[in-house]
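*Asks:*
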Amino acid sequence: MRANPSRASAAAIVIPLLIGAAVSVLLGVYAKQHEPRFFSINVAGFSSPLAVKTWLATLATALALFQFLSALAMYGKLDALFTKTPPWIGTVHVWSGRLAVLVTVPVAVHCLYALGFQDYEKRVLIHSLLGCFFYGAFVAKMLLLTRKGLPGWAIPVAGGLVLTGLTGLWLTSGLWFFQHNGITF
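Quick note on this note's numbering: the sequence shown kicks off at 16 and runs consecutively.
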């Protein structure tokens, strides 16, 4: 007896979402239970670890916005700008996404190790929740990309959730840093 196609399709979406949710929860639990060290990494040329994190997060957010635009081009939503979608856009989309996530890793390590899950004010609580959400959404999206036969909306929605999480992270950290410290390195 063959499995019901709609049930198989639902499982193809639900299982990655559950795994992504588990990643989010595990990151939050670890960050809350871990005793913050208040220092993790710094990079020569920057005034502080927060400046490093801010600029890496800014780069990741810029790359994620490029991801959004390149996805729109791949789905034919920017046809008014292009007579034909450039053939290289898919490759650049994939590599810009990889780079975006790669530059978030030192930021996440610093947040988890040096600061942990913080909730002493609303902005910081939202930032902590969004950090957990972002990586869970990212894991879910990567798992969804390996599934066949998904509805056409699944990958764009997953990508939108990743972009929303990263943008929210930047708004609650990078923008805040620039507002309070100026555009500094």
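Beta carbons: idealized from backbone N, C-alpha and C, even for Gly.
Since we're looking at a predicted model, the values are computed, not measured.
Reducing DSSP to helix, strand and coil, say where I30 ends up.
*Replies:* helix
*Asks:* Let me know the secondary structure DSSP gives Y90 once reduced to three states.
*Replies:* Three-state result, Y90: coil.
*Asks:* Roughly how many angstroms separate the alpha carbons of H195 and A36, rounded to a whole number?
*Replies:* Using only the alpha carbons, I get a separation of about 33 Å.
*Asks:* Roughly how many angstroms lie between the CA atoms of V122 and G175, to the nearest whole one?
*Replies:* If you take the alpha carbons of V122 and G175, they lie about 21 Å apart.
*Asks:* Using 10 angstroms around the beta-carbon of S143, count the other beta-carbons present and answer buried if the total reaches 16, otherwise exposed.
*Replies:* buried
*Asks:* Any contact between the stretch 62-82 and the stretch 109-123? By contact I mean 3 or more CB pairs, one from each, below 8 Å.
*Replies:* Output reads yes: the stretch 109-123 touches the stretch 62-82.
*Asks:* Roughly how far, in whole angstroms, is the beta-carbon of V177 from the beta-carbon of K163, given that I think they are within contact range, below 8 Å?
*Replies:* Between K163 and V177 the Cβ distance is about 21 Å, and since that is not below 8 Å, they are no contact.
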